[in-house]
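Inspection log for the structure reproduced underneath, given as C-alpha coordinates.
In the numbering used here, the protein residues as written are 1 to 529.
As C-alpha coordinates, then:
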(Lines of atoms letter the chains of each structure in order from A; the text may use other names.)
(Lines give C-alpha, C1' and ligand atoms only; values in the text may rest on other atoms or scores of the structure.)
Protein backbone atom coordinates (compact mmCIF):
# COMPACT_ATOMS: atom_id res chain seq x y z
CA UNK A 1 0.00 0.00 0.00
CA UNK A 2 1.06 3.58 -0.55
CA UNK A 3 1.20 6.32 2.04
CA UNK A 4 -1.54 8.91 2.04
CA UNK A 5 0.46 10.96 4.56
CA UNK A 6 4.10 10.81 5.54
CA UNK A 7 5.41 13.22 8.18
CA UNK A 8 9.20 13.11 8.31
CA UNK A 9 11.11 14.44 11.32
CA UNK A 10 8.48 17.02 12.37
CA UNK A 11 9.64 19.31 15.16
CA UNK A 12 7.42 22.09 16.46
CA UNK A 13 8.60 24.43 19.19
CA UNK A 14 6.74 27.02 21.23
CA UNK A 15 8.39 29.34 23.76
CA UNK A 16 9.80 27.06 26.44
CA UNK A 17 8.14 23.92 25.02
CA UNK A 18 9.00 21.36 22.35
CA UNK A 19 5.53 20.10 21.43
CA UNK A 20 6.75 17.71 18.70
CA UNK A 21 10.27 16.34 18.76
CA UNK A 22 11.49 14.77 15.49
CA UNK A 23 8.23 12.91 14.87
CA UNK A 24 7.81 10.49 11.97
CA UNK A 25 4.33 9.30 10.98
CA UNK A 26 3.25 7.19 8.00
CA UNK A 27 -0.44 6.62 7.28
CA UNK A 28 -1.46 4.20 4.53
CA UNK A 29 -4.16 5.06 1.97
CA UNK A 30 -7.64 3.75 2.71
CA UNK A 31 -6.98 2.98 6.38
CA UNK A 32 -8.05 4.27 9.79
CA UNK A 33 -5.05 5.41 11.83
CA UNK A 34 -5.36 6.33 15.53
CA UNK A 35 -3.00 8.87 17.06
CA UNK A 36 -2.97 7.86 20.72
CA UNK A 37 -1.49 9.63 23.72
CA UNK A 38 -2.16 11.49 26.92
CA UNK A 39 -3.27 15.12 26.91
CA UNK A 40 -0.20 17.20 26.16
CA UNK A 41 1.58 14.41 24.28
CA UNK A 42 1.65 16.48 21.09
CA UNK A 43 -1.11 14.76 19.09
CA UNK A 44 -3.18 17.82 18.20
CA UNK A 45 -0.08 19.93 17.51
CA UNK A 46 1.17 17.33 15.03
CA UNK A 47 -2.16 17.28 13.21
CA UNK A 48 -2.33 21.08 13.24
CA UNK A 49 1.02 21.01 11.41
CA UNK A 50 -0.46 18.61 8.84
CA UNK A 51 -3.50 20.89 8.46
CA UNK A 52 -1.46 24.06 7.98
CA UNK A 53 -2.42 25.76 11.25
CA UNK A 54 1.24 25.60 12.35
CA UNK A 55 4.43 25.60 10.33
CA UNK A 56 6.98 23.08 11.59
CA UNK A 57 10.37 24.30 12.73
CA UNK A 58 11.92 21.23 11.14
CA UNK A 59 10.81 18.30 9.02
CA UNK A 60 8.72 17.81 5.91
CA UNK A 61 5.17 16.90 4.96
CA UNK A 62 4.42 14.46 2.15
CA UNK A 63 0.81 14.01 0.98
CA UNK A 64 -0.06 11.45 -1.68
CA UNK A 65 3.63 11.09 -2.55
CA UNK A 66 4.27 14.83 -3.04
CA UNK A 67 6.30 17.03 -0.66
CA UNK A 68 4.13 19.91 0.55
CA UNK A 69 4.48 23.18 2.41
CA UNK A 70 1.32 24.43 4.05
CA UNK A 71 1.16 28.06 5.10
CA UNK A 72 -2.58 27.98 5.82
CA UNK A 73 -5.39 25.43 6.18
CA UNK A 74 -6.49 26.46 2.68
CA UNK A 75 -3.23 25.01 1.35
CA UNK A 76 -3.92 21.74 3.17
CA UNK A 77 -7.51 21.61 1.88
CA UNK A 78 -6.26 22.16 -1.66
CA UNK A 79 -3.94 19.18 -1.14
CA UNK A 80 -6.87 17.00 -0.02
CA UNK A 81 -6.45 17.23 3.78
CA UNK A 82 -9.50 18.12 5.88
CA UNK A 83 -9.69 18.47 9.67
CA UNK A 84 -12.71 18.16 11.96
CA UNK A 85 -11.93 19.90 15.22
CA UNK A 86 -13.12 18.84 18.66
CA UNK A 87 -15.30 21.95 18.86
CA UNK A 88 -17.45 22.09 15.75
CA UNK A 89 -17.23 25.14 13.51
CA UNK A 90 -20.82 25.39 12.35
CA UNK A 91 -23.31 28.27 12.15
CA UNK A 92 -26.30 27.21 14.24
CA UNK A 93 -29.11 29.19 12.50
CA UNK A 94 -28.01 28.00 9.04
CA UNK A 95 -29.07 24.75 7.39
CA UNK A 96 -26.93 21.67 6.90
CA UNK A 97 -26.51 22.46 3.19
CA UNK A 98 -25.65 26.10 3.87
CA UNK A 99 -22.96 25.09 6.36
CA UNK A 100 -21.44 22.46 4.08
CA UNK A 101 -21.28 24.71 1.02
CA UNK A 102 -20.36 27.91 2.90
CA UNK A 103 -17.67 29.70 0.89
CA UNK A 104 -18.08 27.21 -1.98
CA UNK A 105 -21.73 27.79 -2.84
CA UNK A 106 -23.03 26.86 -6.31
CA UNK A 107 -24.43 29.90 -8.14
CA UNK A 108 -27.02 30.65 -10.78
CA UNK A 109 -28.02 33.64 -12.91
CA UNK A 110 -24.46 34.25 -14.09
CA UNK A 111 -23.14 34.06 -10.52
CA UNK A 112 -25.54 36.65 -9.13
CA UNK A 113 -27.37 34.36 -6.70
CA UNK A 114 -26.74 31.22 -4.68
CA UNK A 115 -28.39 28.15 -6.19
CA UNK A 116 -29.89 26.72 -2.97
CA UNK A 117 -31.70 23.88 -4.70
CA UNK A 118 -28.49 22.69 -6.31
CA UNK A 119 -26.64 23.02 -2.99
CA UNK A 120 -29.20 20.84 -1.22
CA UNK A 121 -29.15 18.35 -4.09
CA UNK A 122 -25.36 18.06 -4.04
CA UNK A 123 -25.27 17.68 -0.27
CA UNK A 124 -28.00 15.01 -0.38
CA UNK A 125 -26.09 13.09 -3.05
CA UNK A 126 -22.88 13.32 -1.00
CA UNK A 127 -24.70 12.21 2.16
CA UNK A 128 -26.31 9.27 0.36
CA UNK A 129 -22.99 8.21 -1.17
CA UNK A 130 -21.51 7.66 2.30
CA UNK A 131 -24.71 6.49 4.00
CA UNK A 132 -24.77 9.47 6.36
CA UNK A 133 -28.57 9.99 6.49
CA UNK A 134 -28.34 13.77 6.90
CA UNK A 135 -31.18 16.13 5.95
CA UNK A 136 -29.69 19.02 3.93
CA UNK A 137 -32.58 21.33 4.86
CA UNK A 138 -32.36 20.84 8.66
CA UNK A 139 -31.02 23.70 10.74
CA UNK A 140 -27.86 22.96 12.72
CA UNK A 141 -29.44 24.18 15.97
CA UNK A 142 -32.17 21.54 15.59
CA UNK A 143 -29.96 18.46 15.12
CA UNK A 144 -27.92 16.46 17.63
CA UNK A 145 -24.16 16.50 18.06
CA UNK A 146 -23.76 13.20 16.22
CA UNK A 147 -25.40 14.70 13.13
CA UNK A 148 -23.37 17.90 13.52
CA UNK A 149 -20.21 15.82 13.42
CA UNK A 150 -21.34 14.17 10.19
CA UNK A 151 -22.00 17.63 8.78
CA UNK A 152 -18.38 18.59 9.57
CA UNK A 153 -17.17 15.44 7.81
CA UNK A 154 -19.39 16.16 4.79
CA UNK A 155 -18.07 19.73 4.72
CA UNK A 156 -14.52 18.39 4.38
CA UNK A 157 -15.59 15.86 1.74
CA UNK A 158 -17.43 18.56 -0.22
CA UNK A 159 -14.14 20.45 -0.43
CA UNK A 160 -12.40 17.41 -1.88
CA UNK A 161 -10.70 15.89 1.18
CA UNK A 162 -9.12 12.48 0.72
CA UNK A 163 -7.50 12.52 4.17
CA UNK A 164 -9.74 13.37 7.13
CA UNK A 165 -8.30 14.23 10.54
CA UNK A 166 -10.67 14.13 13.53
CA UNK A 167 -9.58 15.57 16.89
CA UNK A 168 -11.05 13.64 19.85
CA UNK A 169 -14.17 12.90 17.80
CA UNK A 170 -16.01 10.93 20.51
CA UNK A 171 -15.71 13.53 23.29
CA UNK A 172 -19.33 14.75 22.93
CA UNK A 173 -21.01 11.55 21.72
CA UNK A 174 -23.13 8.91 23.41
CA UNK A 175 -21.97 5.28 23.13
CA UNK A 176 -24.47 4.68 20.32
CA UNK A 177 -23.22 7.74 18.44
CA UNK A 178 -19.63 6.49 18.87
CA UNK A 179 -20.62 3.20 17.22
CA UNK A 180 -22.28 5.13 14.40
CA UNK A 181 -19.13 7.21 13.91
CA UNK A 182 -16.96 4.12 13.62
CA UNK A 183 -19.32 2.75 10.98
CA UNK A 184 -18.83 6.04 9.13
CA UNK A 185 -15.07 5.41 9.26
CA UNK A 186 -15.62 2.00 7.63
CA UNK A 187 -17.70 3.53 4.84
CA UNK A 188 -15.14 6.27 4.22
CA UNK A 189 -12.21 3.87 3.96
CA UNK A 190 -14.25 1.48 1.79
CA UNK A 191 -14.51 4.33 -0.71
CA UNK A 192 -10.79 5.07 -0.62
CA UNK A 193 -10.62 7.82 1.98
CA UNK A 194 -8.03 7.87 4.76
CA UNK A 195 -8.96 8.66 8.37
CA UNK A 196 -6.66 9.83 11.16
CA UNK A 197 -8.30 10.28 14.53
CA UNK A 198 -6.80 11.68 17.72
CA UNK A 199 -7.73 10.00 20.97
CA UNK A 200 -6.52 9.17 24.46
CA UNK A 201 -8.96 6.26 24.85
CA UNK A 202 -7.31 2.87 24.47
CA UNK A 203 -10.47 0.93 23.70
CA UNK A 204 -11.53 3.27 20.92
CA UNK A 205 -8.13 3.12 19.25
CA UNK A 206 -8.13 -0.67 19.30
CA UNK A 207 -11.73 -0.95 18.11
CA UNK A 208 -11.73 1.53 15.23
CA UNK A 209 -8.17 1.74 13.91
CA UNK A 210 -6.09 -0.41 11.57
CA UNK A 211 -2.85 1.01 13.00
CA UNK A 212 -2.09 2.99 16.15
CA UNK A 213 0.75 5.45 16.68
CA UNK A 214 1.51 6.40 20.28
CA UNK A 215 2.97 9.79 21.21
CA UNK A 216 4.53 10.50 24.60
CA UNK A 217 6.11 13.81 25.58
CA UNK A 218 6.04 14.98 21.97
CA UNK A 219 7.80 11.91 20.57
CA UNK A 220 6.65 8.92 18.54
CA UNK A 221 7.22 5.88 20.76
CA UNK A 222 5.91 3.37 18.24
CA UNK A 223 3.32 2.33 15.66
CA UNK A 224 1.51 -0.99 16.03
CA UNK A 225 -1.25 -2.88 14.23
CA UNK A 226 -4.43 -2.67 16.29
CA UNK A 227 -5.08 -6.38 15.84
CA UNK A 228 -1.67 -7.27 17.27
CA UNK A 229 -1.67 -5.30 20.51
CA UNK A 230 -3.65 -4.99 23.73
CA UNK A 231 -4.69 -2.29 26.21
CA UNK A 232 -1.88 -3.08 28.63
CA UNK A 233 0.82 -2.73 25.96
CA UNK A 234 -0.63 0.54 24.68
CA UNK A 235 -0.90 1.94 28.21
CA UNK A 236 2.74 1.02 28.84
CA UNK A 237 3.73 2.85 25.65
CA UNK A 238 1.71 5.91 26.67
CA UNK A 239 3.02 6.15 30.24
CA UNK A 240 6.35 4.33 30.14
CA UNK A 241 5.51 1.84 32.91
CA UNK A 242 2.94 -0.77 33.92
CA UNK A 243 -0.40 0.65 35.04
CA UNK A 244 -3.61 -0.78 36.47
CA UNK A 245 -6.26 0.02 33.86
CA UNK A 246 -9.41 -1.28 35.51
CA UNK A 247 -10.84 0.18 38.70
CA UNK A 248 -10.78 -2.35 41.54
CA UNK A 249 -13.73 -1.35 43.69
CA UNK A 250 -15.04 -3.21 46.69
CA UNK A 251 -18.71 -2.85 47.63
CA UNK A 252 -19.45 0.33 49.58
CA UNK A 253 -21.20 0.66 52.93
CA UNK A 254 -23.35 3.78 52.60
CA UNK A 255 -24.49 5.47 55.78
CA UNK A 256 -26.74 8.43 56.50
CA UNK A 257 -27.60 11.12 53.97
CA UNK A 258 -24.97 13.87 54.02
CA UNK A 259 -25.92 15.87 50.94
CA UNK A 260 -29.13 16.60 49.09
CA UNK A 261 -30.50 18.54 46.15
CA UNK A 262 -34.24 19.16 45.99
CA UNK A 263 -36.16 20.41 42.94
CA UNK A 264 -33.23 22.53 41.78
CA UNK A 265 -33.82 24.90 38.87
CA UNK A 266 -30.79 26.77 37.47
CA UNK A 267 -30.39 29.19 34.56
CA UNK A 268 -27.25 29.52 32.44
CA UNK A 269 -25.38 32.73 31.64
CA UNK A 270 -27.95 33.60 28.95
CA UNK A 271 -30.86 33.28 31.36
CA UNK A 272 -32.01 30.01 29.74
CA UNK A 273 -33.09 27.22 32.06
CA UNK A 274 -30.23 24.68 32.13
CA UNK A 275 -31.29 22.55 35.12
CA UNK A 276 -34.96 21.64 35.44
CA UNK A 277 -36.17 20.35 38.79
CA UNK A 278 -33.27 18.06 39.66
CA UNK A 279 -33.35 16.12 42.94
CA UNK A 280 -30.95 13.55 44.40
CA UNK A 281 -29.25 12.63 47.65
CA UNK A 282 -25.79 11.36 48.54
CA UNK A 283 -24.99 9.23 51.57
CA UNK A 284 -21.84 8.98 53.62
CA UNK A 285 -19.51 6.36 52.16
CA UNK A 286 -21.03 6.52 48.69
CA UNK A 287 -19.90 7.72 45.26
CA UNK A 288 -22.88 9.17 43.41
CA UNK A 289 -21.98 9.53 39.74
CA UNK A 290 -23.49 11.87 37.18
CA UNK A 291 -23.09 10.88 33.53
CA UNK A 292 -24.16 12.67 30.38
CA UNK A 293 -22.95 14.32 27.23
CA UNK A 294 -21.30 17.66 28.01
CA UNK A 295 -23.67 20.60 27.82
CA UNK A 296 -26.74 18.97 29.33
CA UNK A 297 -26.77 21.03 32.50
CA UNK A 298 -24.00 19.35 34.47
CA UNK A 299 -21.86 22.49 34.72
CA UNK A 300 -24.72 24.70 35.94
CA UNK A 301 -25.83 22.01 38.41
CA UNK A 302 -22.34 21.74 39.90
CA UNK A 303 -21.95 25.52 40.13
CA UNK A 304 -25.28 25.76 41.97
CA UNK A 305 -24.52 23.04 44.51
CA UNK A 306 -21.02 24.40 45.24
CA UNK A 307 -22.13 28.02 45.73
CA UNK A 308 -20.81 29.51 42.51
CA UNK A 309 -24.21 30.11 40.89
CA UNK A 310 -27.49 31.01 42.56
CA UNK A 311 -30.36 28.65 41.68
CA UNK A 312 -33.72 30.00 40.56
CA UNK A 313 -35.59 27.53 42.74
CA UNK A 314 -35.02 24.52 44.97
CA UNK A 315 -32.57 23.96 47.78
CA UNK A 316 -29.25 22.36 48.65
CA UNK A 317 -28.63 20.67 52.00
CA UNK A 318 -25.34 19.63 53.61
CA UNK A 319 -25.42 17.47 56.74
CA UNK A 320 -29.09 18.30 57.15
CA UNK A 321 -28.57 22.07 56.95
CA UNK A 322 -29.96 24.28 54.21
CA UNK A 323 -26.91 25.84 52.52
CA UNK A 324 -28.66 27.16 49.41
CA UNK A 325 -27.83 30.77 50.25
CA UNK A 326 -24.33 30.11 51.59
CA UNK A 327 -21.21 31.33 49.79
CA UNK A 328 -18.45 29.10 48.49
CA UNK A 329 -16.30 29.99 51.51
CA UNK A 330 -19.09 29.03 53.91
CA UNK A 331 -19.59 25.71 52.19
CA UNK A 332 -15.87 24.96 52.48
CA UNK A 333 -16.12 25.66 56.22
CA UNK A 334 -19.14 23.34 56.39
CA UNK A 335 -17.14 20.48 54.86
CA UNK A 336 -17.62 20.69 51.09
CA UNK A 337 -14.56 20.21 48.86
CA UNK A 338 -14.75 20.91 45.14
CA UNK A 339 -12.63 19.85 42.16
CA UNK A 340 -13.74 22.29 39.43
CA UNK A 341 -14.33 21.62 35.75
CA UNK A 342 -12.04 24.47 34.64
CA UNK A 343 -8.79 24.39 36.58
CA UNK A 344 -7.66 27.78 35.29
CA UNK A 345 -10.86 29.72 35.92
CA UNK A 346 -11.99 28.01 39.13
CA UNK A 347 -9.12 25.99 40.55
CA UNK A 348 -5.96 28.09 40.56
CA UNK A 349 -4.65 31.63 40.53
CA UNK A 350 -2.15 31.21 37.74
CA UNK A 351 0.26 33.93 38.92
CA UNK A 352 0.34 32.54 42.50
CA UNK A 353 2.94 29.99 43.53
CA UNK A 354 1.92 26.58 44.87
CA UNK A 355 2.16 27.66 48.51
CA UNK A 356 -0.39 30.40 47.86
CA UNK A 357 -2.59 28.16 45.72
CA UNK A 358 -2.52 25.45 48.35
CA UNK A 359 -3.83 27.98 50.83
CA UNK A 360 -6.89 28.94 48.76
CA UNK A 361 -10.05 28.33 50.75
CA UNK A 362 -8.07 27.91 53.98
CA UNK A 363 -6.55 31.39 54.25
CA UNK A 364 -9.08 32.42 56.93
CA UNK A 365 -8.99 29.17 58.91
CA UNK A 366 -6.78 27.69 61.58
CA UNK A 367 -4.12 26.38 61.62
CA UNK A 368 -3.13 28.39 58.51
CA UNK A 369 -4.35 31.71 59.86
CA UNK A 370 -4.27 33.09 63.39
CA UNK A 371 -5.50 36.51 64.36
CA UNK A 372 -5.92 37.50 60.73
CA UNK A 373 -2.29 36.63 59.87
CA UNK A 374 -1.25 33.76 57.59
CA UNK A 375 1.16 31.22 59.04
CA UNK A 376 3.37 30.83 55.97
CA UNK A 377 5.43 28.07 57.52
CA UNK A 378 2.34 25.88 57.87
CA UNK A 379 1.15 26.94 54.43
CA UNK A 380 4.46 25.83 52.89
CA UNK A 381 4.33 22.52 54.71
CA UNK A 382 0.79 21.99 53.43
CA UNK A 383 1.86 22.64 49.83
CA UNK A 384 4.87 20.35 50.18
CA UNK A 385 2.63 17.55 51.47
CA UNK A 386 0.28 17.91 48.48
CA UNK A 387 3.24 17.94 46.08
CA UNK A 388 4.73 14.81 47.65
CA UNK A 389 1.50 12.83 47.99
CA UNK A 390 0.23 13.55 44.49
CA UNK A 391 3.63 13.55 42.73
CA UNK A 392 3.30 17.10 41.42
CA UNK A 393 6.16 18.07 39.11
CA UNK A 394 8.31 20.02 39.38
CA UNK A 395 8.29 19.41 43.16
CA UNK A 396 8.86 23.10 43.90
CA UNK A 397 6.38 24.90 46.20
CA UNK A 398 7.70 28.24 44.91
CA UNK A 399 6.82 27.44 41.30
CA UNK A 400 4.03 29.53 39.81
CA UNK A 401 0.89 27.57 38.88
CA UNK A 402 1.18 28.65 35.24
CA UNK A 403 4.60 27.01 34.96
CA UNK A 404 3.13 23.53 35.55
CA UNK A 405 1.69 21.32 32.85
CA UNK A 406 -2.08 20.94 32.81
CA UNK A 407 -1.87 17.46 34.30
CA UNK A 408 0.28 18.61 37.21
CA UNK A 409 -2.01 21.57 37.82
CA UNK A 410 -4.90 19.12 38.03
CA UNK A 411 -3.06 16.86 40.46
CA UNK A 412 -2.32 19.81 42.74
CA UNK A 413 -5.99 20.90 42.79
CA UNK A 414 -7.18 17.37 43.53
CA UNK A 415 -4.62 17.06 46.32
CA UNK A 416 -5.65 20.36 47.88
CA UNK A 417 -9.35 19.54 47.83
CA UNK A 418 -8.97 15.99 49.12
CA UNK A 419 -6.85 17.31 52.02
CA UNK A 420 -9.68 19.50 53.40
CA UNK A 421 -11.02 16.67 55.60
CA UNK A 422 -14.36 17.02 53.81
CA UNK A 423 -17.80 15.61 54.52
CA UNK A 424 -18.70 15.84 50.83
CA UNK A 425 -16.50 16.08 47.74
CA UNK A 426 -17.90 17.37 44.46
CA UNK A 427 -15.40 16.17 41.84
CA UNK A 428 -15.93 17.38 38.27
CA UNK A 429 -13.78 15.65 35.63
CA UNK A 430 -11.09 14.96 38.30
CA UNK A 431 -8.76 13.11 35.92
CA UNK A 432 -9.06 15.44 32.93
CA UNK A 433 -5.61 16.05 31.47
CA UNK A 434 -3.65 13.71 33.75
CA UNK A 435 -1.70 10.65 32.67
CA UNK A 436 -2.90 7.09 33.14
CA UNK A 437 -0.72 6.53 36.19
CA UNK A 438 -2.03 9.65 37.92
CA UNK A 439 -5.57 8.70 36.95
CA UNK A 440 -5.07 5.38 38.71
CA UNK A 441 -3.88 7.19 41.85
CA UNK A 442 -6.79 9.68 41.85
CA UNK A 443 -9.28 6.84 41.45
CA UNK A 444 -7.73 5.07 44.44
CA UNK A 445 -7.99 8.24 46.52
CA UNK A 446 -11.65 8.77 45.56
CA UNK A 447 -12.43 5.23 46.66
CA UNK A 448 -10.35 5.79 49.80
CA UNK A 449 -12.42 8.86 50.69
CA UNK A 450 -15.60 6.86 50.13
CA UNK A 451 -14.36 4.09 52.40
CA UNK A 452 -13.55 6.70 55.05
CA UNK A 453 -17.22 7.75 55.06
CA UNK A 454 -17.06 10.77 52.75
CA UNK A 455 -19.94 11.37 50.33
CA UNK A 456 -18.69 11.90 46.78
CA UNK A 457 -20.47 13.47 43.82
CA UNK A 458 -18.53 12.47 40.69
CA UNK A 459 -19.25 14.21 37.38
CA UNK A 460 -17.33 12.86 34.40
CA UNK A 461 -17.67 12.83 30.62
CA UNK A 462 -15.82 9.48 30.57
CA UNK A 463 -18.49 6.82 30.90
CA UNK A 464 -15.98 4.09 31.79
CA UNK A 465 -14.67 6.21 34.66
CA UNK A 466 -18.02 7.17 36.14
CA UNK A 467 -19.42 3.65 35.75
CA UNK A 468 -16.35 2.05 37.27
CA UNK A 469 -16.26 4.27 40.36
CA UNK A 470 -19.92 4.98 41.17
CA UNK A 471 -22.14 3.12 43.60
CA UNK A 472 -25.18 4.78 42.02
CA UNK A 473 -25.26 6.57 38.69
CA UNK A 474 -27.54 9.41 37.58
CA UNK A 475 -27.85 10.07 33.83
CA UNK A 476 -28.53 13.67 32.76
CA UNK A 477 -30.08 14.86 29.53
CA UNK A 478 -31.42 18.31 28.68
CA UNK A 479 -31.17 19.56 32.25
CA UNK A 480 -32.96 16.64 33.87
CA UNK A 481 -31.96 13.41 35.54
CA UNK A 482 -33.40 10.75 33.26
CA UNK A 483 -32.76 7.92 35.71
CA UNK A 484 -30.62 6.77 38.62
CA UNK A 485 -29.25 3.30 37.88
CA UNK A 486 -27.03 0.66 39.39
CA UNK A 487 -23.90 0.90 37.19
CA UNK A 488 -23.05 -2.72 37.88
CA UNK A 489 -26.34 -3.83 36.34
CA UNK A 490 -27.30 -1.24 33.70
CA UNK A 491 -25.60 -1.88 30.36
CA UNK A 492 -23.61 0.71 28.41
CA UNK A 493 -26.31 0.62 25.74
CA UNK A 494 -29.04 1.44 28.27
CA UNK A 495 -27.00 4.26 29.77
CA UNK A 496 -26.25 5.56 26.28
CA UNK A 497 -29.95 5.68 25.43
CA UNK A 498 -30.63 7.67 28.59
CA UNK A 499 -27.77 10.04 27.72
CA UNK A 500 -29.53 10.64 24.38
CA UNK A 501 -32.85 11.34 26.11
CA UNK A 502 -34.44 7.99 25.21
CA UNK A 503 -35.93 5.34 27.43
CA UNK A 504 -34.40 1.86 27.27
CA UNK A 505 -36.77 -0.89 26.19
CA UNK A 506 -36.24 -2.46 29.58
CA UNK A 507 -37.65 0.15 32.02
CA UNK A 508 -35.95 -1.50 34.99
CA UNK A 509 -32.41 -0.90 33.69
CA UNK A 510 -30.73 -2.05 36.86
CA UNK A 511 -32.03 -2.87 40.30
CA UNK A 512 -33.39 0.09 42.16
CA UNK A 513 -33.61 2.20 39.02
CA UNK A 514 -35.41 5.49 39.55
CA UNK A 515 -36.92 6.93 36.37
CA UNK A 516 -38.03 10.53 36.11
CA UNK A 517 -40.98 11.46 33.88
CA UNK A 518 -40.09 12.83 30.43
CA UNK A 519 -39.88 16.57 30.13
CA UNK A 520 -43.24 18.13 29.15
CA UNK A 521 -42.28 21.29 27.29
CA UNK A 522 -45.91 22.23 26.58
CA UNK A 523 -46.78 22.13 30.26
CA UNK A 524 -43.67 24.13 31.11
CA UNK A 525 -44.57 26.72 28.48
CA UNK A 526 -47.92 27.06 30.21
CA UNK A 527 -46.26 27.78 33.51
CA UNK A 528 -46.61 24.29 35.05
CA UNK A 529 -43.74 22.25 36.38
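From the three backbone atoms N, C-alpha and C, an ideal C-beta is built for every residue, glycine too.
When the Cα atoms are used, residue 310 and residue 227 turn out to be separated by approximately 51 Å.
Separation of the CB atoms of residue 164 and residue 126 is rounded to 14 Å, and the pair is thereby denied contact status at 8 Å.
By the beta-carbon neighbour count (other beta carbons within 10 angstroms, threshold 16), residue 72 is exposed. Apart from the 5 residues on each side of it in sequence, residue 298 sits with its Cβ closer than 7 Å to the Cβ of 290, 292, 459 and 476 in its chain, given in chain order.
Rounded to the nearest whole angstrom, the C-alpha separation of residue 324 and residue 333 is 14 Å. DSSP places residue 389 inside the alpha helix (DSSP H), whose first and last residues are 376-389. Per the Cβ contact rule, the stretch 157-174 is in contact with the stretch 79-89 (3 or more Cβ pairs under 8 Å).
Here residue 175 carries a helix assignment [DSSP, helix/strand/coil]. Straight-line spacing of the CA atoms in residue 66 and residue 418 works out to 54 Å.
Rounded to whole angstroms, the gap between the alpha carbons of residue 105 and residue 124 is 14 Å. With a 10 Å radius around the Cβ and a threshold of 16 neighbouring Cβ atoms, residue 438 comes out buried.
Closest in C-alpha terms to residue 6, from the list 60, 320 and 500, comes 60.
When Cβ pairs closer than 8 Å are counted between the two stretches, the stretch 263-274 is seen not to touch the stretch 446-459, the count staying below three. In terms of CA proximity to residue 12, 57 leads the group 57, 97, 27 and 51. Annotated three-state conformation of residue 284 is coil, per DSSP. Assigned with DSSP and collapsed to three states, residue 338 falls in strand. With distances taken between CA atoms, residue 44 lies nearest to 167 out of 382, 167 and 322.
Fewer than three beta-carbon pairs drawn from the stretch 485-504 and the stretch 269-286 are found closer than 8 Å, and the two stretches are therefore not classed as touching. In this structure, residue 134 lies near residue 150, with their beta-carbon atoms less than 7 Å apart. One thing to note: residue 225 has its Cβ within 7 Å of the Cβ of residue 211.
Under the three-state reduction of DSSP output, residue 2 falls in the coil class, being neither helix nor strand.
Per the Cβ contact rule, the stretch 353-363 is not in contact with the stretch 421-433 (fewer than 3 Cβ pairs under 8 Å).
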